[in-house]
Each structure stands twice: as C-alpha cells, then as structure tokens.
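J.: Here it is, the structure in full.
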Amino acid sequence: MTKPNLQDPRKLYHVDHFKKQDQDTPALQSEMTPVPDCGEESYVGNEQLLNRRVLITGGDSGIGRAVAIAFAREGADVAIQFFPGEEKDAQQVADWIEKAGRKSLLIPCDFQEDGAPKEVIENVIAAFGGLDTLVMNAAQQIAQESLADLSIKQIEDTFKVNIIAMFGLVKAAEKYLPAGGAILTTTSVQAFHPSTHLMDYAATKAAIANFTVNMSQYFAKKGIRVNGVAPGPIWTALQLDQGQPKDALPKFGQDSLMERAGQPVELAPVYVFLASNKASFVTGQIYGVTGGTPINL
47 MTKPNLQDPR KLYHVDHFKK QDQDTPALQS EMTPVPDCGE ESYVGNEQLL NRRVLITGGD
107 SGIGRAVAIA FAREGADVAI QFFPGEEKDA QQVADWIEKA GRKSLLIPCD FQEDGAPKEV
167 IENVIAAFGG LDTLVMNAAQ QIAQESLADL SIKQIEDTFK VNIIAMFGLV KAAEKYLPAG
227 GAILTTTSVQ AFHPSTHLMD YAATKAAIAN FTVNMSQYFA KKGIRVNGVA PGPIWTALQL
287 DQGQPKDALP KFGQDSLMER AGQPVELAPV YVFLASNKAS FVTGQIYGVT GGTPINL
C-alpha cells in the first residue's frame, strides 16, 4: 500500500531559535540567517495565472518575493515595487521571474513620497500594456517599547506606506483593471490581536482589513474581486529592520501553535488561489495564515 504524503507542520522549515541579528535600513533578505524560504527551489506552478499582468508591492523579499516567484511560475508577468536600497534582493526576484519564462519589471519607489503610487501604476501600464492583478503588500513595521518612544512622524510614515499608498494604488489602477481581475491586500494577525510594541503598524493592518472588505463591495459591480491575507509571525527582512523588540528575535514565532515561525513560501499558494479563477466566488474575505492564531473569533 502506498503511504500518504504527510508532513508534520511543526517540523517543517526552521524550528530552532534564530540567531541574534539586525540590519540597517533597508534590511536585505539575502543577508539574513537563515535566509527565508520563498519557494525559489520548491514552488511548482501549473498555469493558474497564465498571461496575467501583475504588480506586487514590496516584492523584493519575504511574502512579496514568494508571491512574485509563484505568480511567475503560474504564468504571469510580474512587476515588483521595492524600497530604494533593496536592489540586490529585487534583482534576484527578477532573475527568478525571467527563469520562469515571464517578463519582469523592477520599480524602486518610496511610498512616503506624494504621487508615488500613481507613478508605480503608470510604469506597469507602460511596460506591460495593462494590469489585471494588484497585490498590495509593502509595509513599514518599527517596534517601539513604549508609547513615549512612538513619534507622530513614525505614525504618519507607517500610515503613508501601509494604507494611504493602497488608496493611491487602487485609485490609479481602477481605470485599467478589467472584469475578472483581482486585488489582494496583506493585512496581519496584528489587525485582530494587536501587540503594544506595534501600535501604529497594528492600527494600519486593521485599517487594511476594513479597506479590503469595503473595496470588495465597490469593485464587485465591475467584476473585480478583492481579498486579503492575514499572516502571523513570518520570517522576513521586516523583522530585522527594527520590526521586533530588542532581544525578541531568537524566539520569534515559537509561541505559535505550530511552535515555529512561518516561511514566506507557506503563504504563496493562498495568494495564487485568491488571484486565480478558482476563487471566482470569493471576495471580501480575509484569509489567515497565522500558525494557529484565530482571526475571526
């Protein structure tokens, strides 16, 4: 009798403590220990997104990188926006996209700058001739141990990058998105279970969840689906770039029910499904990939 292909989810990927480490802004995935698994060697596609024209913000590392690689292997041409200074990681993603036989486009852009979202959309239209799938994933996360340390400037910048840029991107993309297209957002378990050291970040993620549901109602009449993904503790460069309290990194994610942090590759299939025609009756939903923390109770 053939044995079933079963894997204990507690024992997948990196299960030990992480090494103490940090990086200057912007943090690079290629310099992390261990390097996050974004499916570079493992993800296998089967044309679920054939000939899609996709923009992924924050696509150079972490979740965005895993989604970019998966989408390309599913048949999509992929543009990625990344924060200036992250060119090394971004070029690696472009190489993976092109190895999959698809077109890539790299767009360095800081969403703290006025007009940046519109400029990004226009670059994609000029290069690909259209846009049908928008994945809004870029984020700023800076941990502060106390409210006194959380500056109004940081709060404003976090809101600009995490949620105001989403409004700008959707406004600029609306006239190009066709029926059958998809908009995906990255919210967070922090939207539902906020941590006091991530007050501004958690607030933006809650706003993104609301934004997702609201936009799904607006775009339904255009035949465009809007859904979100809520990750839990995922091993990404965001965590090294002031994203966690000092000395918290070694045990990052180990209090989840799976007793480990997640890897970006574990989220990619959810984004693929939500973008694909298989999710034709799915809109206005938030899918949790949290390692066990509930987001809907």
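The opening residue of the sequence shown carries number 47 in the working numbering; numbering runs sequentially from there.
Note that the Cβ used here is the ideal one computed from N, Cα and C, for glycine as well.
1. Does DSSP classify residue 276 as helix, strand or coil?
2. Going by DSSP, name the residue or residues bridged to residue 99.
3. On the three-state DSSP scale, how would you describe residue 177?
4. Got a sec? Which residues, its chain only, sit under 7 Å from residue 140 by beta carbon, not counting five neighbours each side?
5. For residue 169 and residue 176, what's the separation of their Cα atoms in angstroms?
6. For residue 148, name the three-state secondary structure that DSSP assigns.
7. Quick one: what does DSSP say residue 223 is sitting in, helix, strand or coil?
8. Please tell me whether residue 279 and residue 255 are closer than 7 Å, where the distance is taken between their beta carbons.
9. Roughly how many whole angstroms lie between the Cα atoms of residue 54 and residue 179?
10. Alpha carbon to alpha carbon, how far is residue 277 from residue 309? Give it in angstroms, no decimals.
11. Under the assumption that residue 233 contacts residue 332 (Cβ atoms under 8 Å), give the Cβ distance between them as a whole number of angstroms.
12. Does DSSP classify residue 131 as helix, strand or coil?
13. I want to know whether the stretch 58 to 77 touches the stretch 284 to 302 - three or more CB-CB distances under 8 Å.
T.: On the basis of the coordinates in this document:
1. strand
2. 123
3. coil
4. 150, 152
5. 10 Å
6. coil
7. coil
8. no
9. 33 Å
10. 10 Å
11. 6 Å
12. coil
13. yes
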